[in-house]
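Colleague:
There are 2 protein chains.
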Amino acid sequence: MIDFQTNPDSYKHWKLSFDGPIATLSMDVNPTATQFDGYELKLNSYDLSVDIELYDAVQRLRFEHPEVRAVVMNSAKEKVFCAGANIRMLAGATHAHKVNFCKFTNETRNSIEDASKNSQQRFLCAIRGTAAGGGYELALATDYIMMADDSNSAVSLPEVPLLAVLPGTGGLTRVVDKRKVRRDRADVFCTLEEGIRGQRAVTWRLVDEVVRGSKFEEAVKERALEMAASSYRPANAQGIELTPLVKEQQDNSVTYPYVSVEIDRIDRVATVTVHAPETGVPTDLSVEEAFAQGADFWPLAVCRQLDDAILHLRFNELDTGTLIFKTCGNADVVAAYDEFVLENQSNWLMREIVLYWRRTLKRIDLTSRTMLAYVEPGSCFVGVLAELLFSVDRSYMLEGQLEDAGLPAATIRLTAASFGPYPMSNGITRLKTRFLGEPETVDACKSRLSENLNAQACDALGLVTYTPDFIDWDQETRMLIEERASFSPDCLTGMEANLRFAGPETMETKIFGRLSAWQNWIFQRPNAVSKKGALQLYGTGARPEYDLKRV
Amino acid sequence: MIDFQTNPDSYKHWKLSFDGPIATLSMDVNPTATQFDGYELKLNSYDLSVDIELYDAVQRLRFEHPEVRAVVMNSAKEKVFCAGANIRMLAGATHAHKVNFCKFTNETRNSIEDASKNSQQRFLCAIRGTAAGGGYELALATDYIMMADDSNSAVSLPEVPLLAVLPGTGGLTRVVDKRKVRRDRADVFCTLEEGIRGQRAVTWRLVDEVVRGSKFEEAVKERALEMAASSYRPANAQGIELTPLVKEQQDNSVTYPYVSVEIDRIDRVATVTVHAPETGVPTDLSVEEAFAQGADFWPLAVCRQLDDAILHLRFNELDTGTLIFKTCGNADVVAAYDEFVLENQSNWLMREIVLYWRRTLKRIDLTSRTMLAYVEPGSCFVGVLAELLFSVDRSYMLEGQLEDAGLPAATIRLTAASFGPYPMSNGITRLKTRFLGEPETVDACKSRLSENLNAQACDALGLVTYTPDFIDWDQETRMLIEERASFSPDCLTGMEANLRFAGPETMETKIFGRLSAWQNWIFQRPNAVSKKGALQLYGTGARPEYDLKRV
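Going line by line, the protein sequences match chains A and B.
Every position in the first sequence, counted from 1, becomes a number in the working numbering once 9 is added.
Every position in the second sequence, counted from 1, becomes a number in the working numbering once 9 is added.
#1: Hey, would you say residue 90 of chain A sits closer than 8 Å to residue 139 of chain A, going by beta carbons?
#2: Please determine if the stretch 217–226 of chain B and the stretch 537–552 of chain A are in contact, where contact requires at least 3 C-beta pairs separated by less than 8 Å.
#3: Do the stretch 39–50 of chain B and the stretch 73–80 of chain B touch if we need at least three Cβ pairs shorter than 8 Å?
#4: Hey, how far is the Cα of residue 545 of chain A from the Cα of residue 167 of chain A?
#5: Are the CB atoms of residue 107 of chain B and residue 532 of chain B within a distance shorter than 8 Å?
#6: Interface residues of chain A around residue 529 of chain B at Cβ under 7 Å?
#7: Verify the CB distance criterion: does residue 321 of chain A have a CB-CB separation below 8 Å to chain B?
#8: So, under 8 Å CB-CB, residue 406 of chain A and residue 467 of chain A are touching, yes? Tell me the CB distance rounded to an integer number of Å.
#9: I want to verify the contact list: residues of chain B whose CB lies under 8 Å from the CB of residue 541 of chain A, in sequence order.
#10: Is the Cβ of residue 567 of chain B closer than 8 Å to any Cβ of chain A?
#11: For chain B, check one thing: does any of its Cβ atoms lie closer than 8 Å to the Cβ of residue 270 of chain A?
#12: Does residue 181 of chain A get closer than 8 Å to chain B when you measure Cβ to Cβ?
#13: The beta strand (DSSP E) spanning residue 134 of chain B covers which residue range?
#14: Taking DSSP's pairing of strands, which residues face residue 221 of chain B in a bridge?
#15: Quick one: grab the DSSP three-state call for residue 93 of chain B.
#16: Could you name each continuous alpha helix (DSSP H) segment of 4 residues or more that falls completely within the stretch 272–329 of chain B, going from the start of the chain to the end?
#17: With which residues is residue 62 of chain B paired in a DSSP beta bridge?
#18: For residue 406 of chain A, which beta-bridge partners are listed by DSSP?
#19: Would you mind telling me which residues of chain E sit closer than 9 Å to residue 312 of chain A, beta carbon to beta carbon, in chain order?
#20: Is there contact here, the stretch 301–314 of chain A with the stretch 348–364 of chain A, by at least three beta-carbon pairs under 8 Å?
#21: Would you mind telling me which residues of chain B sit closer than 8 Å to residue 519 of chain A, beta carbon to beta carbon, in chain order?
#22: Do residue 500 of chain A and residue 190 of chain B count as a contact pair if the criterion is CB distance below 8 Å?
#23: Counting only beta-carbon atoms, is residue 533 of chain B nearer than 8 Å to chain A?
#24: Hey, does residue 170 of chain A have any beta-carbon neighbour from chain B nearer than 8 Å?
#25: By DSSP's criteria, residue 335 of chain A is part of a beta bridge. Which residues make up the other side?
#26: So with Cβ pairs under 8 Å, would you call residue 499 of chain A a contact of chain B?
#27: So residue 166 of chain B is in the alpha helix (DSSP H); what residue range does that whole segment cover?
#28: Going by the CB atoms, is the gap between residue 98 of chain B and residue 325 of chain B shorter than 8 Å?
#29: Mark residue 476 of chain B as exposed unless 16 or more other C-beta atoms lie within 10 angstroms of its C-beta, in which case mark it buried.
#30: Sort out for me which residues DSSP pairs residue 241 of chain B with in a bridge.
#31: Nearest chain B C-beta to residue 455 of chain A closer than 8 Å, yes or no?
#32: If you measure between the beta carbons of residue 251 of chain A and residue 68 of chain A, is that distance less than 8 Å?
#33: Determine the extent of the beta strand (DSSP E) in which residue 36 of chain B is found, giving its start and end residues.
#34: Return the residue from the list A/148, A/547, A/543 that minimises the CA-CA distance to residue 554 of chain A.
#35: For residue 444 of chain B and residue 402 of chain B, I'd like the C-alpha separation in whole angstroms.
#36: Measure the alpha-carbon distance for residue 145 of chain A versus residue 35 of chain A and round it to whole angstroms.
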């Protein structure tokens, strides 16, 4: 069971320190504290356990340390910055773990870019020693890459020549699309085992600056202070503590205060229910009150729980092919929180909560399971929770009441949440993506803001896929689940990855759509993964045997 | 040996007929005239042999029939429009053939869209009977889809439920990105074996119009005439005949009048040399003269030969991992033709030649082999031929003269060709893509238009990767070839597909980058292709056995 919860006191692989507006995140991988058995994390190479801590650190920097304006990433090891993903780990991992691992590491690197772009917490990477493969890809996620100008420090993406796989954490895309390295130079760079050092790395746009070894630390500090000075983060802000998640795990369920996951192992379905607070409509919402509640403030608490639940399902429940999202509770309560958070984004914490929801919704979009939403009496698909409806592959809304229940018929309520603050990774909102073919419908939806839209209205607006009544509900949803379970899981993954992201492409969609898809293909090819493939033979001295056909 | 040359008199699967401004392209697949043994092309299903004829027809419509303003695609079979790619063929094909086949069929469908967009030869698809899988994908490539409104006619993409593979010819992308079908409806549609009929197909944006069966032919004719009337193709234009290519094939070479291919089977390298005409600089170029020369007019002749050579290498020379492009001849001759064609695009034939070069250069960009260019004394990388330099992964230019040869040092000459008429599939020019990180260099290049740029100048401008002199040339190019041959071919394919297309994405790049990559992955997965996979078991009545893990 892989657990994504940690905190700085428990870190085995990173050291987080603070000096005024500058934080330093030092990679110091403990070779023996691995996620699985069978390998050692030498030379600051990493596995999922290292990346879970990195994800935690990036999250905490944003919520617990608003005073931090620049983060220096460096290595605590003498001769190496980071050797990338551990090769023995990759060679021993299942296909599913490799793919999941790459996706999570990609999301974490995107979250570094998100912190810089949207929270002005800028990242500087200080490379001393070699930054190879995933090590250089980590650097690529930062704003400014400095490298010591000595015989030992170099950046490289040696995956192709050494391992017959691609750099899998955005490297190829970021080299040509973010750093805009000329494609022939990128070709040379990506086939060069030893990488590139010194001034040539600057000329080729691979790093931003090289500095003589003796002056390096001083120059890094200087640049970090400059970056901090250019950040418009609030002065004198006090962070809130991301307290440990309360979480009860049983064989077929995970329960958090506001999120519950029930797993049906026969149908291979997980039902994820998001709960509104059981209090009445809050009348005393204020920024001060939100700070006082801290990590218990509902919009933040529920987002953390949902994020954790999705990661749990991705990594620990591989056979669960379908996720059904439900909501439960008082819609007015959700609406009050939704409005409060969106209207108070001038406060850094409210803004961070919005940004965290944005990342979490993106994580849902990118989850390679069939995703459904059921809108039933008693649900509260309002505001940010309504975004779940537009994130899933299909949504079913029960028209009218259930036969024997006293609950009123289900409604959906759109708020400003659906029209801007939560863009997908393609850069536009879920509603815009949904209605690419009929942009006027986005306006029609906007004109119904804050209304309780019943099934008929939602159907007319195109907000849900189907609206069966209670007579048809059970049969329709049953047939759907059975049909979905009968399809090839791989094929659904490919189909969904192609249907979910219509419209514009961004570096993020390129990484997940193009780079990851090619990498997944290569992770299946004998040239990489068979007994005589490069990934398996690495380090043995034996030469891999390749099928020479070009495909 | 797969041959891409054919002509309407030899078609086995299509009937091409003409009625004033309307051409009708009727699919009437001969079940026994297959590309390979072991299957029959029932129900207008297709294999490569069918698509080679389609490609030929689309090309001839543009060059031989400028009077055609609208093309009606229909079926000559009673009950079926087209059943898509033949499943037995796919089940029996090698992975490499599947991938090559899908790429070629995609390129042909793109060429239909190109004819409509850029030559105003608009396509109308008239569906009577079922258009399933690749059959509907063919329809998706046209401008306007009409369907008979009867119990028999339907559109469907049944690959996911029936075969556990993706629709591989752009279907998923065109459904959500071109026709902008709402994603949840797309999800329903792509999992529905029987597809969608009648008005619902219109409401869901899957087709443009349905017409009662009895009125169908009449309505199609009416719409085709309307489309023809809205086209601005020239009146009274006379086509030119695409005469059979002269081509001499030997064990290790293919020789056309202006293109030669030499294959080195030890290094697995093909050298593709493009030759300028051996005449002097033409002083009497005129549109009339070009028409008189017809298919022998050099800019057209050399493009056809290059196109055929690339297809030959892709399909028949799978072990050839590297293509080296060279040019040979009088640069002034090439410059004269280049200028003439670009300046006379108001003439439909010159315009078609430009568009054909555009498609051929895109085909080169998309060729999954390592591509190099060698710029040596005696070469003529001028204008459109210089685009080859920016299409390849790396270019080597010999600085100065060769020791024992009298030829002057090599130069490169940029013309208007590099600044607009030949965009890549990402929608921008090769130079813009190359210099994404330094857009000012595109201007610097423009300021050197029509100059003979020597190696030093090309190096300074960043037009070539390396400029070794004759002392280093042999060793550097030898090391390069050996190094490339030592890498995993699969991995190079994935790497190059990610480095070549920086910058914006388009429907085309989405199809080749995202959809094809996922399809290639699925084509490797046991759920589709193992003995118990869906593709192998289709039609046997046995249920496929799936690995249920979601990846």
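Built from N, CA and C at the ideal position, the CB exists for glycine as well.
Modeller: The short version:
#1: The Cβ-Cβ distance between residue 90 of chain A and residue 139 of chain A falls below 8 Å.
#2: no
#3: no
#4: 16 Å
#5: yes
#6: At a C-beta separation below 7 Å, residue 529 of chain B has these neighbours in chain A: 530.
#7: With its beta carbon at least 8 Å from every one in chain B, residue 321 of chain A lies outside the interface.
#8: With a contact defined as Cβ atoms closer than 8 Å, residue 406 of chain A and residue 467 of chain A qualify at about 6 Å.
#9: Ordered by position in chain B, no residue passes the 8 Å Cβ test against residue 541 of chain A, which lies about 11 Å from the chain.
#10: No information on residue 567 of chain B is available, as it lies outside the stretch 10 to 560 that chain B covers here.
#11: Closer than 8 Å: no.
#12: yes
#13: Judged by DSSP secondary structure, residue 134 of chain B falls within the beta strand (DSSP E) whose first and last residues are 131–136.
#14: B/158
#15: Three-state result, residue 93 of chain B: strand.
#16: 296–302, 307–325
#17: According to DSSP, which records beta bridges pairwise, residue 62 of chain B is partnered with nothing at all.
#18: Residue pairing by DSSP places residue 406 of chain A opposite A/384 in a beta bridge.
#19: Protein chains in the displayed structure are A and B, and chain E is not among them.
#20: yes
#21: The answer, in chain order, is 514, 522.
#22: With contacts defined by Cβ atoms closer than 8 Å, residue 190 of chain B and residue 500 of chain A do not form a contacting pair.
#23: yes
#24: So yes, residue 170 of chain A belongs to the interface.
#25: A/282
#26: yes
#27: First-last for residue 166 of chain B: undefined, no H or E at that position.
#28: Contact flag unset, no.
#29: buried
#30: Bridge partners of residue 241 of chain B: none, in fact.
#31: no
#32: yes
#33: That run of the beta strand (DSSP E) goes 31–36.
#34: A/543
#35: 14 Å
#36: 15 Å
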